[in-house]
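Undergrad: Residue numbers (our numbering), protein chains in the order written: chain A, 1 to 248; chain B, 249 to 409.
Just so it is clear, CB atoms sit at the ideal spot from N, CA and C, and this is done for glycine as well.
1) Excluding five sequence neighbours on each side, which residues of the same chain lie with their C-beta closer than 7 Å to the C-beta of residue 193(A)?
2) What would DSSP say about residue 81(A), mapped onto helix, strand or coil?
3) Roughly how many angstroms lie between the CA atoms of residue 102(A) and residue 75(A), to the nearest whole one?
4) I'd like to know if the segment 302-310 of chain B and the segment 268-280 of chain B are in contact, where contact means that at least 3 CB-CB pairs between them fall below 8 Å.
5) For residue 110(A), which residues in chain E fall below 8 Å Cβ to Cβ?
6) Show which residues of chain A have a CB atom less than 8 Å away from the CB atom of residue 348(B).
7) By the three-class DSSP mapping on this structure, what secondary structure does residue 248(A) have?
8) Does residue 56(A) get closer than 8 Å to chain B when you measure Cβ to Cβ?
9) Quick check on residue 404(B): does DSSP put it in helix, strand or coil?
10) Roughly how many angstroms lie between the CA atoms of residue 2(A) and residue 362(B), to the nearest whole one?
11) Does the ligand NAD have a heavy atom nearer than 7 Å to the CB of residue 393(B)?
12) With 8 Å set as the bound, which would you pick, yes or no: does the beta-carbon of residue 291(B) sit closer than that to a beta-carbon of chain A?
13) The alpha helix (DSSP H) spanning residue 52(A) covers which residue range?
14) Are the segment 264-273 of chain B and the segment 373-385 of chain B touching by the rule of at least three beta carbon pairs closer than 8 Å?
15) Do residue 260(B) and residue 313(B) have their C-beta atoms closer together than 8 Å?
16) Which one of 169(A), 199(A), 181(A) and 183(A) has the shortest CA to CA distance from residue 216(A)?
17) Checking contacts by CB at 8 Å: is residue 5(A) closer than that to chain B?
18) With a threshold of 8 Å between beta carbons, is residue 63(A) in contact with chain B?
19) Give the residues of chain B in contact with residue 43(A), contact being defined as C-beta atoms less than 9 Å apart.
20) Rounded to whole angstroms, what's the CA-CA distance from residue 286(B) to residue 56(A)? Just pull it up for me.
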C-alpha cells in the first residue's frame with residue numbers, strides 16, 4: 001500500500017469505518033512509515049480536539065427574542081388576508097413535492113407544445129389540394145370582382161344606410177329600374193304588360209298619396225323589390241305580382 | 249415549546265456559533281427556533297426531530313452567510329475566542345481548542361458545516377447526509393477534505409508541535 005492510498009483512507013480508518021482487511025493494511029503501512037504515522041496522529045488529535053470542544057450556552061436573551069419574534073409573526077399572520085394564509089398552508093404542504101411538481105409541469109408543458117405543433121401541421125393543406133370547407137384559411141381570400149358586387153337584394157340595405165338623402169336615392173334607383181323594365185316590356189306578352197302597367201300605376205298612386213319621409217321610402221322599397229324581380233326574371237307575370245313580398 | 253427549546257438550545261446555538269461566528273449566532277439561532285415552532289405542525293416525521301432541527305440550523309446558517317457575503321471567511325478574533333470555554337477533556341496540546349476554533353472559522357462554510365455536524369456534534373455520516381441533503385459518500389469525502397484543510401491550517405499537533 002502506498003502513502004497516497006493510505007492518506008486517502010486515513011479519515012475512514014480513524015473513524016473505524018474500514019473493514020478488517022483494509023484497516024489491517026493501513027495499520028501495517030503506518031507501522032513502517034513515519035510521515036503517514038505523523039499525519040494519522042495529527043488527524044486523530046484534530047478529531048479528538050473537535051469532539052472535545054465544549055458546548056456553548058446561548059445568551060439568556062435568546063428565549064425572549066424568540067418569543068418576541070413569534071408574537072410579531074402571529075400579529076403579521078392575523079393581518080394577512082385569508083387567501084394568503086390558505087396559500088401559505090398549501091405551499092407548505094406541497095413544498096416537499098416541489099422537485100416532482102416541477103418535473104411534472106415541465107413534462108406537461110412539453111406535451112402541450114408537441115400537441116400544438118401537430119395540430120397546426122394537421123391544419124395546413126397538402127400542396128396542390130384545395131382547402132376543405134371545414135378548415136378554410138382564416139385570411140381573407142381575393143374574390144373576383146363579379147362576386148364582390150352586391151346582389152340585388154342588397155341594394156335596399158345599401159340605400160337605407162345612406163341617410164343623407166334617402167328618399168331621393170330611392171327615387172333615382174326606382175326610375176332607373178323602371179327605365180330598364182320598360183325596355184324589356186316590349187318583349188312581354190300582353191297580359192304581362194297589362195299587369196306590369198297596372199302595378200306601376202298603383203305604385204305611382206301610392207307614392208303620390210304617401211307622406212314624405214318614411215312613408216314614401218317604404219313605398220319606394222316595395223317598388224324597387226318588384227322592379228328587381230322584373231329585371232332578374234325578365235318577366236312580369238300576374239302570378240309573380242301576387243307573390244312578391246311587400247308588393248302592394 | 250419551552251421544553252423543546254431547552255432540549256436543543258445548546259446544540260442549535262453551538263452549531264450556529266461555529267458556522268456563522270459569535271456575532272451572528274444569536275440571530276441565526278432565533279430564526280431557527282422561530283422556524284421550528286412555526287413548522288412543527290407541518291413536520292411530517294420523515295426524519296428524526298433532531299435531524300430536522302439540525303437541518304434547519306445548517307440551512308439557516310449557510311443562508312445567513314450567503315446573505316452576508318461571508319461564505320468563505322469569518323475571521324476568528326479575540327471576541328470569538330473569549331466566548332469559548334476551555335475544553336473539558338484535556339489533550340496533549342493545551343492550546344488546541346482555541347487553535348481549532350480559529351482554524352474552524354478560516355474554513356469554507358461547507359467544510360465548517362460537516363466538521364461541526366460530524367466531529368463536534370458527533371452525528372453519523374447518514375445523519376449528516378440527510379441534513380446536508382447529499383449522498384453519504386459525498387459526506388465522507390467532504391469530511392476527509394475538511395480535516396485535511398484543518399491539518400494544514402493547524403500545522404503539527406500534539407507532542408511534535
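TA: So, to answer that:
1) Hits under 7 Å: 185.
2) Reduced to three states, the DSSP call for residue 81(A) is coil.
3) The alpha-carbon separation between residue 102(A) and residue 75(A) amounts to approximately 33 Å.
4) Yes: at least three Cβ pairs fall under 8 Å.
5) This model lacks chain E altogether, as its protein chains are A and B.
6) For residue 348(B), the neighbours in chain A by C-beta distance under 8 Å run, in chain order, 46, 49, 50 and 53.
7) Reliability of the predicted coordinates at residue 248(A) is poor, the pLDDT of 39 falling under 50, and the value obtained from them is presented with this limitation in mind. Coil at residue 248(A), not helix or strand.
8) At least one C-beta of chain B is nearer than 8 Å to the C-beta of residue 56(A).
9) Looking at residue 404(B) - three-state DSSP - the assignment turns out to be coil, as it is neither helix nor strand.
10) Residue 2(A) and residue 362(B): Cα-Cα distance of roughly 28 Å.
11) The ligand NAD is absent from the structure shown, which contains no ligand whatsoever.
12) No, no contact with chain A.
13) Counting along the chain, residue 52(A) sits inside no alpha helix (DSSP H), nor does DSSP assign it H or E at all.
14) With the rule of 3 Cβ pairs closer than 8 Å, the segment 264-273 of chain B does not count as touching the segment 373-385 of chain B.
15) In this structure, residue 313(B) does not lie closer than 8 Å to residue 260(B) by Cβ.
16) Residue 216(A) has its Cα closest to that of 169(A), out of 169(A), 199(A), 181(A) and 183(A).
17) When Cβ-Cβ separations below 8 Å define contact, residue 5(A) makes no contact with chain B.
18) Judged by the 8 Å Cβ criterion, residue 63(A) is in contact with chain B.
19) Correct list: 395, 396, 398, 399 and 405.
20) Looking at the two C-alpha atoms, the distance is approximately 25 Å.
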